[in-house]
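Chains as they are written, first to last, in the numbering used here: chain A, 87 to 305; chain B, 87 to 305; chain C, 87 to 305; chain D, 87 to 305; chain E, 87 to 305; chain F, 87 to 305; chain G, 87 to 305; chain H, 87 to 305. Quick reminder that beta carbons are idealized off the backbone N, C-alpha and C, glycines included. Step one of this worksheet: look at the structure below.
Number of protein chains: 8
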Amino acid sequence: MNTHCIDFEREDRLGFPEFVFGEAKTIEQLTEILSAFKKRGSSCLVTRLQEQKGAVLTEKFKDSVYDPISRTLRCGQNLPEKNCGTVGIIAAGTSDTPVVAEAAAVLTFLGMPIRTFVDKGVAGIHRLHAVMPDLATVDVVICIAGFEGALPSVLSGLVRQPIIGVPTSVGYGVAQGGTTALHAMLASCANGLTVVNIDNGFGAAIAAARILNRDWKTK
Amino acid sequence: MNTHCIDFEREDRLGFPEFVFGEAKTIEQLTEILSAFKKRGSSCLVTRLQEQKGAVLTEKFKDSVYDPISRTLRCGQNLPEKNCGTVGIIAAGTSDTPVVAEAAAVLTFLGMPIRTFVDKGVAGIHRLHAVMPDLATVDVVICIAGFEGALPSVLSGLVRQPIIGVPTSVGYGVAQGGTTALHAMLASCANGLTVVNIDNGFGAAIAAARILNRDWKTK
Amino acid sequence: MNTHCIDFEREDRLGFPEFVFGEAKTIEQLTEILSAFKKRGSSCLVTRLQEQKGAVLTEKFKDSVYDPISRTLRCGQNLPEKNCGTVGIIAAGTSDTPVVAEAAAVLTFLGMPIRTFVDKGVAGIHRLHAVMPDLATVDVVICIAGFEGALPSVLSGLVRQPIIGVPTSVGYGVAQGGTTALHAMLASCANGLTVVNIDNGFGAAIAAARILNRDWKTK
Amino acid sequence: MNTHCIDFEREDRLGFPEFVFGEAKTIEQLTEILSAFKKRGSSCLVTRLQEQKGAVLTEKFKDSVYDPISRTLRCGQNLPEKNCGTVGIIAAGTSDTPVVAEAAAVLTFLGMPIRTFVDKGVAGIHRLHAVMPDLATVDVVICIAGFEGALPSVLSGLVRQPIIGVPTSVGYGVAQGGTTALHAMLASCANGLTVVNIDNGFGAAIAAARILNRDWKTK
Amino acid sequence: MNTHCIDFEREDRLGFPEFVFGEAKTIEQLTEILSAFKKRGSSCLVTRLQEQKGAVLTEKFKDSVYDPISRTLRCGQNLPEKNCGTVGIIAAGTSDTPVVAEAAAVLTFLGMPIRTFVDKGVAGIHRLHAVMPDLATVDVVICIAGFEGALPSVLSGLVRQPIIGVPTSVGYGVAQGGTTALHAMLASCANGLTVVNIDNGFGAAIAAARILNRDWKTK
Amino acid sequence: MNTHCIDFEREDRLGFPEFVFGEAKTIEQLTEILSAFKKRGSSCLVTRLQEQKGAVLTEKFKDSVYDPISRTLRCGQNLPEKNCGTVGIIAAGTSDTPVVAEAAAVLTFLGMPIRTFVDKGVAGIHRLHAVMPDLATVDVVICIAGFEGALPSVLSGLVRQPIIGVPTSVGYGVAQGGTTALHAMLASCANGLTVVNIDNGFGAAIAAARILNRDWKTK
Amino acid sequence: MNTHCIDFEREDRLGFPEFVFGEAKTIEQLTEILSAFKKRGSSCLVTRLQEQKGAVLTEKFKDSVYDPISRTLRCGQNLPEKNCGTVGIIAAGTSDTPVVAEAAAVLTFLGMPIRTFVDKGVAGIHRLHAVMPDLATVDVVICIAGFEGALPSVLSGLVRQPIIGVPTSVGYGVAQGGTTALHAMLASCANGLTVVNIDNGFGAAIAAARILNRDWKTK
Amino acid sequence: MNTHCIDFEREDRLGFPEFVFGEAKTIEQLTEILSAFKKRGSSCLVTRLQEQKGAVLTEKFKDSVYDPISRTLRCGQNLPEKNCGTVGIIAAGTSDTPVVAEAAAVLTFLGMPIRTFVDKGVAGIHRLHAVMPDLATVDVVICIAGFEGALPSVLSGLVRQPIIGVPTSVGYGVAQGGTTALHAMLASCANGLTVVNIDNGFGAAIAAARILNRDWKTK
């Protein structure tokens with residue numbers, strides 16, 4: 087049974103290549119897929135890849151790198167750097183680092199400049215005010231928070247840029263694996279905040295890329 | 087069938103009298119209960135009472151007053167004013183006014199001083215910073231918010247007093263009738279924030295009263 | 087009790103003025119708020135306003151217009167037209183029209199150009215393919231769907247622009263008032279789709295405005 | 087305590103034998119049940135069997151085969167091939183392979199012809215259009231998808247055959263272990279799509295068999 | 087704003103025409119849509135139409151008939167009777183009648199023969215056994231139940247035909263508007279039962295039509 | 087379409103007749119059903135019947151009585167009084183009266199003796215201790231509570247009789263229409279407490295009747 | 087910190103001793119508790135005890151027996167056999183055996199006679215009809231089922247005894263760890279079925295014991 | 087990437103220092119954070135720290151102590167003892183001990199006096215009555231319970247002090263990891279009970295500290 091059908095046309099169609107969701111694929115399936123990318127001479131980024139599978143695949147593919155924080159495997163080089171705006175990635179807590187890292191890995195793979203600001207949650211809001219001048223220099227904001235997910239609500243009232251909220255699964259009890267942060271961001275009375283799935287640093291990165299990808303009408 | 091058994095001993099036992107939950111009682115049941123209070127010469131406050139039932143009962147009980155904002159009916163006078171600390175009631179939005187009013191009505195009935203601050207939500211956080219000096223003068227804070235319920239999270243990081251969060255049913259979609267605000271307050275990474283049921287201004291008021299009721303060990 | 091505190095500084099801070107959430111405010115509260123806007127000589131848009139309250143307020147405020155489809159009340163003129171990109175608004179079904187209308191009302195109030203495409207759902211996908219050339223001319227896409235909310239998933243694979251999904255409460259049974267469409271959009275395997283609350287045409291419009299508001303760093 | 091009571095009459099009554107749900111049975115219970123089938127000279131298929139238990143049982147029953155992808159154990163031969171229509175099994179992603187394999191194993195055991203199409207999800211919808219001619223040749227369609235489960239919605243608008251949706255537990259966050267895909271398929275505005283439980287490739291296979299089992303009135 | 091785009095090609099593509107979901111459409115929208123059907127000389131069936139809207143539309147469209155039980159409006163004649171198998175519709179309780187009626191209305195509109203069996207729930211299972219001979223004569227079974235939705239589970243073990251479960255919103259408390267019946271049918275240990283949305287008699291009818299529509303490959 | 091099939095054999099089979107669930111039946115359906123009972127000379131009790139439908143039916147059936155508190159309609163006489171144990175019905179609050187009344191109406195219809203105790207909730211637990219001697223005289227306990235549903239937990243630790251908990255929909259916010267009381271009773275660490283659906287005074291009454299119906303083996 | 091306070095008075099008060107919930111207690115806590123029972127010369131039954139902890143404790147307490155199926159540890163002898171009615175325990179599937187075993191262990195410890203009937207689910211309902219004569223001889227019925235939990239619904243319509251439903255966590259997907267079976271039993275249109283928590287064989291056993299414990303008024 | 091930004095100003099601002107949430111931080115992150123505290127000469131308490139990580143960190147930080155019951159790591163000395171009121175911590179069951187221990191660890195770290203009462207649940211309510219005199223001597227009550235969480239409801243009707251409920255994740259089935267206890271406490275008809283997140287002994291301790299921290303206005 088043939089179990090994959092890679093969308094190599096995606097880069098032409100959308101401006102970015104297909105990424106590979108690693109979590110629920112077997113080593114065999116990933117090996118076939120990475121080989122297909124390699125054969126075409128294309129780089130590839132696998133997301134949500136377990137550490138154990140990462141170890142096996144970096145053995146098999148010598149030009150691949152696995153990063154245990156972001157849980158990504160890059161096979162081949164990052165794409166050429168883009169001359170475009172910068173993406174600011176801000177997170178409420180140290181525990182949100184894996185999601186920051188995933189968003190950063192995807193944007194870096196795409197060749198887009200980033201700046202990161204971690205542990206700026208609302209429990210000590212002076213930390214947020216302190217980075218406002220720096221945040222003013224970025225073109226899109228990705229705002230990451232777990233627990234009650236209040237940071238994007240507050241930040242949306244302070245910045246004029248597009249802002250994308252990413253709830254994380256950090257927390258316990260009614261935090262419900264990120265559901266509360268997700269619902270809080272969606273129900274936010276802040277204006278124009280958009281949201282992606284729990285822990286979906288990848289999706290936020292692509293959304294930011296779509297925004298900064300100014301040539302969309304000319305291609 | 088006898089359908090009530092009023093806990094008149096509650097005032098001695100707990101320091102505040104029994105309040106009457108009006109929402110699911112019939113006019114007949116409420117009439118019997120209010121008459122029993124009257125016969126003892128005690129004042130009484132009915133909460134969550136529908137406007138229509140309020141109109142009928144104020145007809146029947148001439149010393150009663152119905153307030154459609156807080157949805158309370160007071161039968162008899164407020165209890166004597168207490169010489170104790172002040173309760174600050176702060177709300178995120180104009181739409182939270184009914185819950186502010188319920189908490190205020192209960193505390194006023196108990197004879198406790200209050201200060202109110204409405205429409206100070208995090209979407210324009212300068213409004214919150216502006217009232218911080220005033221908030222510093224109160225002894226307990228009741229913090230009310232609907233939608234994503236972020237205000238108590240932020241405020242808990244700014245005040246040292248006891249703080250009680252009250253989620254409201256204001257909002258739509260994933261706000262889910264106040265569930266998201268409730269969960270956000272409970273999952274908050276702010277320290278020492280406690281929470282009551284959705285729209286439960288009454289419960290927050292009693293909790294504040296318990297805190298300010300300094301003579302609890304001597305009675 | 088003073089129950090409002092309008093954030094007039096929002097326009098300077100964020101590039102768009104405060105909008106008024108009408109659903110849970112009383113006629114009295116709305117009258118006070120609209121008068122305050124009027125006194126400053128500012129226009130104002132009220133969203134999610136019930137038809138009955140709209141009728142009373144258009145009586146009181148002669149320069150106001152209520153639109154029962156979008157459930158918005160505009161008091162004063164639309165803001166000056168902006169010289170910026172166009173927002174495409176596409177909806178899966180005829181029943182999604184109110185949400186289309188809300189997004190359109192907000193963007194029109196802000197002076198931003200729009201194009202609308204309604205009843206292009208996936209049950210007859212040729213209807214979607216037919217409008218692709220037109221969609222290619224817009225700069226941001228707002229994609230609205232109820233029931234299972236599949237349209238944004240499919241469309242995200244066909245357009246390179248930023249795309250904002252809006253789930254609607256159209257449907258019954260497990261559609262659960264829009265929750266299923268919301269979850270489907272968030273869980274979508276499409277890349278870079280961002281999402282707002284159920285029926286939140288307003289939020290999607292502001293998000294689109296943030297994207298097209300190119301001067302954010304210079305102000 | 088006797089803990090099983092096999093329904094050997096099922097084949098006569100319904101046209102297919104009893105299958106054994108392996109997940110929550112002990113090795114001892116499965117051994118007794120398989121021995122009972124063997125004693126009657128009947129083949130048997132165990133579904134949702136963990137790999138470890140599969141290893142023990144293939145040791146005990148020499149004519150048995152365990153397949154780790156579909157998690158099925160077949161004891162004895164497949165049933166005789168049936169001269170009936172073909173079942174098309176189409177899946178959105180590579181990660182859905184285990185559910186494809188379970189449906190295929192059950193239909194193969196029943197002697198029914200199948201065709202499989204994997205990784206044809208809506209994120210790159212040209213892949214779906216490409217297999218439409220092949221899909222036109224089958225008699226029933228089983229359509230499998232995780233994440234937002236949009237494929238069955240789209241496909242139901244393109245094929246006239248009976249179509250059975252199978253949500254899978256592939257995804258994370260609000261995908262909620264397949265619940266979002268399930269709800270999306272049930273709430274679909276596509277016409278005449280029916281649905282089975284999450285990951286229930288087995289149930290979809292039997293439903294397809296019931297449809298193709300043309301002699302139901304004569305037996 | 088043009089708010090409809092009727093899929094007139096559906097009949098050629100799928101074998102049945104587009105049906106109109108009436109619940110969330112305005113009188114104006116429905117009038118436009120029905121006029122478009124009329125102009126083409128096509129009949130049309132509107133489902134889930136509120137009684138009040140039905141009254142207005144039957145005034146406007148003289149050849150239309152509204153049925154308050156099934157909540158359908160038929161504009162024009164039923165389609166020609168089909169020479170195909172019969173659909174058996176069986177329901178657990180008298181209260182499920184509206185869903186029975188909706189399925190019957192759709193099948194009758196399509197020209198397909200039906201037989202109905204109502205109030206055959208499992209609380210008195212002899213009533214079910216009594217109709218088994220009659221049920222043996224139909225070609226597909228639609229099985230409708232509210233409350234705990236047990237009837238399809240039991241019936242699936244007694245009939246060999248394709249069987250489609252329809253949960254209804256009849257019940258209270260944990261019946262949760264049909265969710266419990268839905269989940270019970272999906273989680274059923276019965277083999278090959280497929281399910282549609284709560285109260286979706288329409289969907290079950292189309293699914294049955296797809297099964298009986300034998301010429302799907304030749305068209 | 088014939089829409090009812092009364093289980094007149096139920097009394098012989100189970101010891102009590104079929105009761106009619108009135109909520110989701112039309113006046114026409116109820117008229118047919120009551121006429122069928124009448125024709126057999128049997129009494130009948132309709133439960134969960136709306137007041138408006140009750141008024142119409144008492145007009146039609148002169149020997150019928152409608153009780154708006156319990157929402158039951160009795161057509162014909164109560165069954166003969168039984169010489170059996172007594173059922174104690176205890177409720178936490180005045181607001182639970184409708185459920186008390188439903189249980190009482192059903193038991194009275196069956197001819198079984200009852201005792202009722204209302205407004206004995208745990209907020210003033212001395213009220214519960216005060217009725218313990220009276221409760222000791224009954225043979226089965228039905229314990230009814232809304233809000234957090236704590237009364238059955240406490241009571242189960244104080245009485246040795248069979249005890250059946252009935253959660254009610256009294257409360258607001260996270261009380262969730264009785265779901266919290268239901269879950270609390272089910273999760274109770276009290277021993278041997280059994281539970282029925284929310285507001286299901288009817289079910290609790292029948293369960294009590296089954297327990298007191300000592301002749302079950304002889305019939 | 088002293089962490090236990092055994093309720094040794096329970097046997098006098100309720101007719102059965104305190105049972106020990108083992109799941110969330112440490113070896114140290116269990117050792118202290120069992121020693122306290124031993125010191126009093128009382129037997130004790132620990133429920134929901136993990137196998138590993140069972141092994142340690144049977145080492146420490148030589149007169150104790152651990153049963154891995156029911157996950158109970160008995161320390162000391164069973165209580166003297168009671169001369170009372172019999173409890174019938176019937177389960178839908180082989181996979182429900184652990185819950186059957188827990189109920190059986192508790193009743194056996196209490197000295198009450200039982201009869202068990204396993205794998206009698208509704209998918210092959212003739213298996214249920216076959217045991218009806220045997221079931222007629224018991225005095226109380228405990229009915230255990232996972233998946234959609236339909237067996238208690240059907241059985242309640244066939245037996246006149248008290249019947250207690252126990253949902254089990256057997257199943258997958260929307261079976262949701264037993265929640266669907268629980269809800270189905272609670273929402274059942276069967277009359278007088280009562281229910282306990284998921285997998286709570288213990289609670290069902292105590293409820294049965296309360297029913298058969300005829301001397302409750304004399305003690 | 088710098089991933090932490092400690093809020094050292096918190097002690098001045100709020101009266102208590104920042105605590106470190108250990109669960110989702112890596113050893114590397116915790117090492118950096120603890121070193122920063124050490125460098126300032128400040129003590130630090132880490133909460134919800136897994137045993138394995140505790141072992142590594144006590145190796146690295148010689149003046150640190152890990153407690154596996156409360157899952158806290160203390161680095162440095164407890165803060166100086168405060169001359170303030172006492173906090174009473176009462177728990178329903180032995181299994182709630184970890185949450186008792188966490189609250190106790192936090193209060194002890196802050197230098198506040200405590201008294202603990204464990205295994206006083208409502209199933210044997212005499213145990214609660216027995217400790218009432220002792221409870222009368224404390225100034226704030228923290229009340230901890232799992233399963234149905236009834237203890238705070240009962241206790242709130244017996245004590246006049248401020249009372250903070252903490253639901254625990256002890257229980258199974260519908261106890262839903264503490265959600266039922268949480269909801270029961272929030273929906274409680276007891277007056278003035280406030281609640282924190284599931285298992286959040288830490289939050290309850292800080293809330294108690296805020297209440298006893300009388301000098302809040304002078305600082």
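If I'm right that residue i touches residue j with Cβ under 8 Å, what's the distance once you round it to whole angstroms?
i, j, result
"T158 (chain F)", "L131 (chain F)", "6 Å"
"A276 (chain F)", "V282 (chain F)", "The pair is not a contact, with the Cβ atoms about 16 Å apart (cut-off 8 Å)."
"R246 (chain E)", "R296 (chain D)", "7 Å"
Buried or exposed for residue i, going by 16 or more other Cβ atoms inside 10 Å?
i, result
"P253 (chain D)", "buried"
"P184 (chain C)", "buried"
"D220 (chain A)", "exposed"
Less than 7 Å between C-beta atoms, sequence neighbours within five positions excluded: which residues of the same chain meet that for residue i?
i, result
"V142 (chain B)", "I113"
"V256 (chain F)", "G179, S181, D182, G232, F233"
"E118 (chain F)", "H90"
Thinking just about the alpha-carbon of each residue, which of the options is nearest to the one in residue i?
i, options, result
"G174 (chain F)", "F:K206, F:V227, F:G259, F:L268", "F:V227"
"P238 (chain D)", "D:R96, D:G179, D:F107", "D:G179"
"F123 (chain G)", "G:V224, G:E137, G:V260, G:R96", "G:R96"
"L193 (chain G)", "G:N164, G:M87, G:C91", "G:N164"
"C170 (chain E)", "E:I200, E:D93, E:S156", "E:I200"
"F94 (chain B)", "H:G243, H:L279, H:A267", "H:G243"
"G162 (chain H)", "H:T172, H:D149, H:T280", "H:D149"
"M87 (chain B)", "F:K146, F:R160, F:A187, F:G127", "F:A187"
"A177 (chain B)", "B:V217, B:K139, B:F147", "B:V217"
Go through its chain and collect everything with a Cβ distance to residue i's Cβ below 6 Å, but skip five positions before and after it.
i, result
"A293 (chain A)", "I250"
"N299 (chain D)", "G101"
"E167 (chain E)", "G197"
"S274 (chain E)", "S239"
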